[in-house]
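J.: I am attaching a structure below and will ask some questions about it afterwards.
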Amino acid sequence: MTTPRETRDYQAADAAHHIHAFVDQKALNDEGPRVMVRGERLHLWDNDGRRYLDGMSGLWCTNLGYGRKDLAAAATQQLEQLPYYNMFFHTTHPQVIELSELLFSLLPGHYSHAIYTNSGSEANEVLIRTVRRYWTILGKPEKKVMIGRWNGYHGSTLAATALGGMKFMHEMGGMLPDIEHIDEPYFFAHEGNLTPAEFGLRAAQQLEAKILELGADKVAGFIAEPFQGAGGMIFPPESYWPEIQRICRKYDVLLCADEVIGGFGRTGEWFAHEYFGFEPDTLSIAKGLTSGYIPMGGLILSKKMAQVLVEQGGVFAHGLTYSGHPVAAAVAIANLKALRDEGVVTRVKDDIGPYLQKCLREVFGNHPLVGDIQGVGMVAALQLAEDKTSRKRFANENDIAWRCRTIGFEEGVIIRSTLGRMIMAPALIASREEVDELVGKTLKAVDRTAQEYGRL
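Numbered per the working numbering, the sequence shown spans residues 1387 to 1842.
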């Protein structure tokens, strides 16, 4: 263990050596980052002893909360037995084999193979090459184009950033060829005068228009999150995903679901695509696979795709040094067994998830700063709005939401702001008392924000 130091010493050393994610580093250096030192269940403590309820499961990943001794023991035992070996040299190991058996016992039956990675970003990097390899084997090498959604998020590596639809990220490093985008299914922002069902169909049919514009013989796949995560926790209308699936099947385009956030119980189903009722050809996974205790991700392939790659593909030139890492696999096994054997996912669906959603709607349903509430299971978003009836958003919604998030830290709760939405995704093991604390402290943050901006 490291020797404890004064917070200002940690901050000075951090400023001297680190560039943080998605932040103005100079401003952060002036402010000084929080230094987190301990976690237990849903709570974190910083170096100065301040206690926070983590309403974001770290980065949507600590599904079992902090301080799980079974996950730590699995890592320790594996480190002592076989701390590392690779998946090259015609070699495998028991942990990755047992993980795959367990994982596919939890997945719908039309999936059969995995390519393991270290993160969701890498899973989506592998996705592009795998999809294109699949079509090349089938004699259609011209099918290269991947279509994503504006405001979608698939990671921060170059190819994953290109798949995603965040333009400010595209400006920092450029785009890649053969990647296109359609609009997000963000009803509150873009509905016009349509009903949710009409809007969902219209948003989905942009995919058909884009395929026809590019030529179906050029389009390899469509990738999207079942619900948008980093883009604002946006849930599409019920009509959206069935229409997307119909279009993909009609034009022979692979349907690729980014389950990095939605997977492993977040919605009350093991995978978010099951909640929305569609059947992707690929699943990108990470985060909840190990509850964030150790890095691991993967690309899940349908039997249809795997059969082509295995039986007809010959050598597939891919691979990562840490793919299927034995320690990561051991932790993933312990994590998935806990989610399954402790009935965590079932409880999210039948108990604690409905309780969170009920509390949010009761507390914020008539709040003057909140225009809409979305979510299911253990994920939710409060849409801040100037006028709820007309769905008028604040011109400075980024500033207002960021201020609300900052006040949240002051109140001892960690929630996230994206555009004009306040997002929460607490650990799946939350008790009702912990949900009450989350909602209560979030209310204090929203109330203080409303007061500062003259809305209370």
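Glycine residues also receive a C-beta, built at the ideal position from the N, C-alpha and C atoms.
As a quick exercise: from P1754, V1696, Y1679, pick the residue whose alpha carbon is nearest that of A1356.
T.: Coverage of the chain is limited to positions 1387 through 1842, which leaves residue 1356 absent and any answer about it impossible.
J.: For K1529, which of E1599, D1564, I1815 has the nearest alpha-carbon?
T.: D1564
J.: Would you mind reading off the limits of the beta strand (DSSP E) that contains Q1760?
T.: 1756 to 1762
J.: Using a Cβ-Cβ cut-off of 6 Å (strictly less than) and excluding sequence neighbours within five positions of G1551, which residues of its own chain qualify?
T.: Counting only Cβ-Cβ distances below 6 Å, and skipping sequence neighbours, we find G1534, R1535, W1536, N1537, G1538, H1567.
J.: Which one of N1784, K1412, V1639, E1697 has the shortest CA to CA distance from A1401?
T.: K1412
J.: Would you check if there are 3 or more beta carbon pairs closer than 8 Å linking the region 1731 to 1738 to the region 1455 to 1471?
T.: no
J.: Could you give the DSSP three-state label for G1674: helix, strand or coil?
T.: Three-state DSSP puts G1674 in a helix.
J.: Whose CA, out of N1721, A1771, G1601, lies closest to the CA of K1636?
T.: Per the C-alpha coordinates, the member of N1721, A1771, G1601 positioned closest to K1636 is G1601.
J.: Quick one: residues in its chain with C-beta nearer than 6 Å to the C-beta of I1647, no 5 flanking neighbours on either side, listed in chain order?
T.: W1446, G1615
J.: Can you tell me where the beta strand (DSSP E) with D1432 in it begins and where it stops?
T.: 1429 to 1432
J.: Taking the straight line between their C-alpha atoms, what separation do you get for L1669 and L1640?
T.: 11 Å
J.: According to DSSP, which residues form a beta bridge with A1816?
T.: Looking at the DSSP output, A1816 sits in no beta bridge, so it has no partner there.
J.: With 16 as the cutoff for other CB atoms within 10 Å, does A1589 come out buried or exposed?
T.: buried
J.: If we call anything under 9 Å between Cβ atoms a contact, is G1586 one with S1625?
T.: yes
J.: So Y1452 and G1418 are supposed to be a Cβ contact under 8 Å. How far apart are they, rounded?
T.: Contact between Y1452 and G1418 is absent: CB atoms are separated by about 23 Å, not below the 8 Å threshold.
J.: According to DSSP, is T1393 helix, strand or coil?
T.: helix
J.: How many whole angstroms separate the CB atoms of G1683 and F1650, which I take to be in contact at a CB cut-off of 8 Å?
T.: Not really, about 12 Å apart at Cβ, beyond 8 Å.
J.: Per DSSP, which one or two residues make a beta bridge with E1426?
T.: H1429
J.: Label D1416 either buried or exposed according to how many other C-beta atoms from any shown protein chain fall within 10 Å of its C-beta, with 16 as the threshold for buried.
T.: exposed
J.: Please tell me whether L1513 and V1694 are closer than 9 Å, where the distance is taken between their beta carbons.
T.: No, the Cβ-Cβ distance between L1513 and V1694 is not below 9 Å.
J.: Taking Cβ to Cβ, would you say A1766 is nearer than 9 Å to F1574?
T.: no
J.: Quick check on the DSSP output: what are the complete beta strand (DSSP E) runs of length 3 or more inside the region 1625 to 1653, in order along the chain?
T.: 1640 to 1644
J.: How many angstroms separate the CA atom of A1677 from the CA atom of F1554?
T.: The sequence shown places Ser at residue 1677, not Ala. Roughly 29 Å between the two C-alpha positions.
J.: M1558: buried (16+ other C-beta within 10 angstroms of its C-beta) or exposed?
T.: exposed
J.: Which class does F1608 belong to by DSSP, given the choice of helix, strand or coil?
T.: strand
J.: Is the region 1749 to 1758 touching the region 1794 to 1805 in the sense that three or more CB pairs, one from each, lie closer than 8 Å?
T.: no
J.: Can at least three beta-carbon pairs, one atom from the region 1694 to 1712 and one from the region 1654 to 1666, be found at a separation below 8 Å?
T.: no
J.: Do E1629 and H1496 come within 9 Å of each other at the CB atom, strictly closer than that value?
T.: no
J.: Using the rule of at least 16 other Cβ atoms within 10 Å of the residue's Cβ for burial, across every protein chain shown, is E1748 buried or exposed?
T.: exposed
J.: With distances taken between CB atoms, is the gap from A1672 to S1505 smaller than 9 Å?
T.: Yes, Cβ-Cβ distance for A1672 and S1505 is below 9 Å.
J.: Can M1422 and D1410 be called in contact, C-beta distance under 9 Å?
T.: no
J.: Can you tell me whether DSSP reads V1765 as helix, strand or coil?
T.: Strand at V1765.
J.: How is the beta strand (DSSP E) around H1499 delimited, first residue to last?
T.: 1497 to 1503
J.: In the DSSP assignment, the beta strand (DSSP E) including Y1661 goes from what residue to what residue?
T.: Note, Y1661: premise wrong, no beta strand (DSSP E); alpha helix (DSSP H) at 1658 to 1662.
J.: Near R1394, what residues of its chain come up, given a Cβ to Cβ distance below 8 Å and the 5 sequence neighbours on each side ignored?
T.: G1418
J.: Is it true that the CB of G1607 sits closer than 9 Å to the CB of D1843?
T.: With the chain running from 1387 to 1842 in the structure shown, residue 1843 is simply not present.
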